[in-house]
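Here's the structure we're looking at; comments come further down.
Numbering (my numbering), first residue to last: 3 to 205.
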């Protein structure tokens with residue numbers, strides 16, 4: 003229902019995402035309805051990612067899944083994905099507020115959230131295939147990698163047209179994304195592995 007109710011908003015937001023122009027009233031129209039719909043879709047993305055991460059843990063660490071309740075593992079991984087998404091937003095906002103004008107920061111955040119939501123919509127059918135039809139690990143891994151790669155390309159595009167549309171833009175964007183995307187992701191991955199294996203010490 004949230005997807006259906008937000009369809010027009012998401013379509014308009016996607017057109018704005020691909021454009022260098024910014025519509026200042028984009029978030030003012032039916033703000034309560036749009037934010038509630040996007041909030042649900044944001045959480046749905048974290049749930050889809052959590053399910054896929056949970057399946058990866060079962061494949062990569064069979065000893066963990068054998069000795070720990072699947073509900074505990076699933077809840078842990080959904081929570082980690084949700085916190086990771088919030089942490090990314092927090093880090094980007096703190097840096098962007100220092101470096102860039104408020105209207106550009108707001109436009110980029112809207113684009114980032116929209117991209118995160120669309121990734122969740124793409125991963126939702128993959129998650130359903132995993133849950134109900136036991137989709138092969140190789141197929142789901144390819145789907146996740148493809149979704150992540152396309153997402154990073156679109157994020158590069160949005161970041162470039164919003165912040166770095168000048169001669170030194172390519173250099174700045176590499177430093178910017180390395181500091182706020184790659185390094186935090188590597189730290190998150192280590193935390194995720196530690197958190198899942200740590201559960202076995204509680205048994």
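For every residue, glycine included, the Cβ atom is placed at its ideal position computed from N, Cα and C.
| query | result |
| --- | --- |
| Please name the residue in 117, 74, 65 and 165 whose C-alpha comes closest to that of residue 43. | 117 |
| With H, G and I counted as helix, E and B as strand and the rest as coil, what does DSSP make of residue 120? | helix |
| Identify, in the order they occur along the chain, each residue of the same chain with its Cβ nearer than 8 Å to the Cβ of residue 160, setting aside the five sequence neighbours on each side. | 19, 110, 113, 114 and 117 |
| Quick check on residue 87: buried or exposed, where buried means 16 or more other Cβ atoms within 10 Å of its Cβ? | buried |
| Can you tell me the Cα-Cα spacing of residue 70 and residue 155, whole angstroms? | 37 Å |
| In this structure, does DSSP put residue 65 in helix, strand or coil? | helix |
| Between which two residues does the alpha helix (DSSP H) containing residue 83 stretch? | 72-101 |
| When DSSP labels each residue in this structure, what does residue 157 get in the three-state scheme? | helix |
| Identify whether residue 31 lies in helix, strand or coil by the three-state DSSP scheme. | Only weak support is given to the placement of residue 31: the predicted model assigns it a pLDDT of 46, under 50, and the value that follows is read from those uncertain coordinates. Of the three classes helix, strand and coil, the one that applies to residue 31 here is coil, per DSSP. |
| Name the two residues that bound the continuous alpha helix (DSSP H) containing residue 197. | 185-200 |
| Give me the Cβ distance between residue 194 and residue 75, rounded to the nearest whole Å; I'm assuming they're in contact under 8 Å. | So it is not a contact: roughly 11 Å between Cβ atoms. |
| Report the rounded CA-to-CA distance for residue 93 versus residue 120, giving the unit in angstroms. | 21 Å |
| Using beta-carbon positions only, say whether residue 78 and residue 197 come within less than 8 Å of one another. | yes |
| Report the residue from 142, 139 and 176 whose alpha carbon sits nearest the alpha carbon of residue 157. | 176 |
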